[in-house]
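Residues 1 to 242, numbered by UniProt numbering, are exactly what the sequence shown covers, in order.
All residues carry an ideal CB built from backbone N, CA and C; glycine is no exception.
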Amino acid sequence: MAATKLARAFALTLGVAAANVAVFSPGLMNVRFGGSAFSSALGAAVLAASGLALLYGAYALLQRPPAPAAPAKLETVEHYAAALGAFRRVRTVAAELELALEQLDRMEKRKQSLHRLLAQRFEPEELSYRKFSGVILEVEELFRRNLRAVLSRLALYEQTEAELKSGSRSLSRDLQQRRLELIREQHEFLKATLGHNEEILLKLNQLLLELTRLDQQHPGTIDELPGMQELDALIRSTKYYA
């Protein structure tokens, strides 16, 4: 990988040098300093453009961090953890990354606790068991859908931040400000989405607490549990935006 990058940087340098030879060669374009005003201005512009091309090309090939390779599939907790971990080098969102990884761990533990408690309270063929299991499954999918949105925004955030750092000196103040606003907007989206997942975890905590207090009641009362009602409402509301 390093050898390939060096080869590309060398090829870029040769290309820029060849272009300069063509521009300043007497047998070709014959652009000269000290000639006409146009010729001198063109020569200065070509040299400036060559310098910028070399600087940006060297950064893009040798310094810019490669986009993190997302796992081919996102099915298990390990897949999501690996995908999130690929963004650890983006220091400005380190707190959000740690929270996302912590939430992922808590979600798995909460799900296991709920399934254990369900197995103690109900038989798998009972309606109550199927209702609870269905809600847990849908909530987990909602949680993971939020994580997929977080991963997409993290990739965009990293790219925008890298572009801002690499081109900040050559951009106008207005463009720099617009990029900063875009970064802030993406950061706020990350916080809001992780806040949504935190809400899901809190509601699962509530449901877990209600299950521990539940006596053998008529199945009709299962739907009346506040935790079930809140999770059902959350699932229904998010389906409109799926």
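Status (buried if at least 16 other CB within 10 Å, exposed otherwise) for residue i
i: Val-77; result: exposed
i: Glu-75; result: exposed
i: Gln-159; result: exposed
i: Leu-209; result: exposed
i: Glu-199; result: exposed
i: Leu-84; result: buried
i: Glu-141; result: exposed
i: Ser-128; result: buried
i: Glu-98; result: exposed
i: Leu-211; result: buried
i: Ala-233; result: exposed
i: Leu-114; result: buried
i: residue 249; result: Because the chain here runs from 1 to 242, residue 249 falls outside it and cannot be looked at.
i: Leu-207; result: buried
i: Leu-231; result: buried
Enclosing alpha helix (DSSP H) for residue i [first to last residue]
i: residue 261; result: Outside the displayed span of the chain (1 to 242) sits residue 261, for which this structure offers no information.
i: Phe-189; result: 173-213
i: Gln-116; result: The amino acid at residue 116 is misidentified as Gln; the sequence shows Arg. It spans 94-121 - the alpha helix (DSSP H) in which Arg-116 sits, taken as one unbroken run.
Whole-number beta carbon distance between residue j and residue i, since they are thought to touch under 8 angstroms
i: Leu-182; j: Phe-87; result: Their Cβ separation, rounded to whole angstroms, is 17 angstroms, which puts Leu-182 and Phe-87 out of contact at 8 angstroms.
i: Ser-150; j: Leu-204; result: The amino acid occupying residue 150 in the given sequence is Val; Ser does not appear at that position. At roughly 19 angstroms, the Cβ-Cβ gap does not stay under 8 angstroms, so Val-150 and Leu-204 are not in contact.
i: Tyr-80; j: Leu-104; result: 6 angstroms
i: Val-202; j: Arg-110; result: Reading off the sequence shown, one finds Leu at residue 202, where the question assumed Val. About 10 angstroms separates the two Cβ atoms, so there is no contact after all.
i: Ala-100; j: Leu-147; result: 7 angstroms
i: Phe-143; j: Met-107; result: 6 angstroms
i: Leu-156; j: Arg-179; result: That belief does not hold up - the Cβ atoms of Leu-156 and Arg-179 are roughly 12 angstroms apart, past 8 angstroms.
Residue i Cβ short of 7 angstroms to the ligand GTP heavy atom set
i: Arg-121; result: In terms of ligand content, the structure shown is empty, and the ligand GTP therefore cannot be addressed.
Query raised in the report: Taking three-plus beta-carbon pairs below 8 angstroms as touching, is the stretch 186-196 in contact with the stretch 90-109?
Result: yes
Query raised in the report: Can at least three beta-carbon pairs, one atom from the stretch 120-127 and one from the stretch 194-205, be found at a separation below 8 angstroms?
Result: no
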